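Worksheet for the structure shown next.
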Amino acid sequence: MIGFAARWTRRLVATAVLLFIITALLVWAMLRASLPQLDGDVNVLGLSAPVKIERDANGVPTLHAANRNDLAFATGFVHGQDRFFQMDLSRRNSAGELSELVGVVALEHDRRVRLHRFRARAEKILADEGPQEIALLGAYAAGVNAALDATGAKPFEYFVLGSEPKPWQPADSLLVGYSMFLDLNDERADRDVQRGFAARVLAPDVFAFLYPEGTRWDAPIMGEARAELPVPGPELLDLREFRLPTASLPPPADRLLPGSNNWAVSGALTGDGRAIIANDMHLGLRTPSVFYRARLKYIEQEVVDLTGVTLPGVPILVAGSNGHVAWAFTNSYG
């Protein structure tokens, strides 16, 4: 009797181990099938000429295309290979459609964001765009979807969530831009509410001093630099007698004020005579990172060679250089 029980115990353990191994192999095969093809040739529809994609030891791609639209297609392809789930979250974030993917945990966010009607705005903007911009966004979307079709399985995140990835649409790129807008601004509009409150209770000159449209450090492209506003005197605001109205301000959001900084050095002050521009965008730390490094090369009368960072979901170089000019962006709060 003891020997019979031992045999059945061994069989159950062996069966459990076998099932574990089979499950692990199935999970491995699923994950392996969802990985992009990084070597060899891929036949896709939507290109006017062959595109070459090279990756360095860190996986950073260099794209060679015959024209701007083919480059947009290739950019969408590598974004779709490496960052599709991030892009999906980004478009859903501004459209108020996250709960469709992740459930009730995002429902309150979706309700709040849908008040802005960003999807309707994106579709309206797209409808008013010219043929060149529509073709560019269409080529990018085709590249993203070609990357999805080229894999043997959907991205693993969708297996975990029990969902299917939706094809990329041209308007989704505009939603990614709106998502960045929400990231760089105050989603709850606390700042606007506070400014409106101050405008109602302060004298115009006091409000202009406390909430200036700019400072003398701003460098306008056209016109004169701004002058410093004078400090309001007691005839405008006497702090000894000033009393706040009984209405209370809404509680501020529990978050740091977004912002960033950049600076430039003239070539007259550098060792090789070339100017230097530095930029810190002060974005949140995320995995994967917000931006996506790439080098983009195409022909437009002459070879255009761009290097810098792109934003997954958008067919442009956000910050970088074309070998002649370097550019970046910063979020200014004054």
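Residue 308 in my numbering sits at position 308 of the sequence shown, and the numbers go up by one each step.
The beta carbon of each residue, even a glycine, is placed where N, CA and C say it ideally should be.
As the structure is a computational prediction, the values presented were derived from the model and not from experiment.
By alpha-carbon positions, which one of P230, T215, V231, P232 ends up nearest to E224?
When each option's Cα is compared against that of E224, the closest is T215.
Following the continuous beta strand (DSSP E) through D322, name the residue where it begins and the one where it ends.
For clarity, residue 322 is Asn in the given sequence; the question names Asp instead. No beta strand (DSSP E) holds N322; DSSP gives it neither H nor E.
How about Y211 and A122: do their beta carbons lie closer than 8 angstroms?
No, Cβ-Cβ distance for Y211 and A122 is not below 8 angstroms.
Between which residues of its own chain and V44 is the CB-CB distance below 6 angstroms, once the five residues before and five after are set aside?
So the list reads A146, once near-sequence residues are dropped.
What does the Cβ neighbour count give for G323, buried or exposed, with the cut at 16 atoms within 10 Å?
Burial call: exposed.
Grouping DSSP H, G and I as helix and E and B as strand, with all else coil, what is L317?
Here L317 sits in strand by DSSP.
Give the single residue among A153, G80, D272 whose Cα lies nearest to the Cα of G143.
Checked all of A153, G80, D272; the closest Cα to G143 is G80.
In chain order, what residues of the same chain lie with their CB nearer than 6 angstroms to the CB of D172, ignoring the 5 residues before and after it?
Excluding positions up to five away in sequence, the list reads R91.
Compare the C-alpha of Q169 against each of E157, I276, D88 and name the closest.
That would be D88, whose Cα lies nearest to the Cα of Q169.
Are P315 and Y140 touching if we call contact CB-CB under 8 angstroms?
Yes, the pair counts as a contact, with Cβ atoms nearer than the cut-off.
Going by the beta-carbon positions, is the gap between G130 and D110 smaller than 8 angstroms?
Going by C-beta atoms, G130 is not nearer than 8 angstroms to D110.
Please state whether DSSP places H79 in a helix, a strand or coil.
Helix at H79.
With 16 as the cutoff for other CB atoms within 10 Å, does A49 come out buried or exposed?
By the neighbour-count rule (16 or more Cβ atoms within 10 Å), A49 is not buried but exposed.
Would you identify the three-state DSSP class for D280, choosing helix, strand or coil?
Strand, per DSSP.
What are the boundary residues of the beta strand (DSSP E) that R295 is part of?
Run containing R295: 292-300, per the beta strand (DSSP E) assignment.
Looking at the structure shown, is H109 part of a helix, part of a strand, or coil, going by DSSP?
Note: H109 maps to helix in three-state DSSP.
Do you know offhand how far Q86's Cα is from L107's?
Between Q86 and L107, the C-alpha separation is close to 19 angstroms.
Just mark M222 as buried or exposed, buried being the case when its beta carbon has 16 or more other beta carbons within 10 Å.
Result: exposed.
Name the one or two DSSP bridge partners that D218 has.
Per DSSP, none; premise fails for D218.
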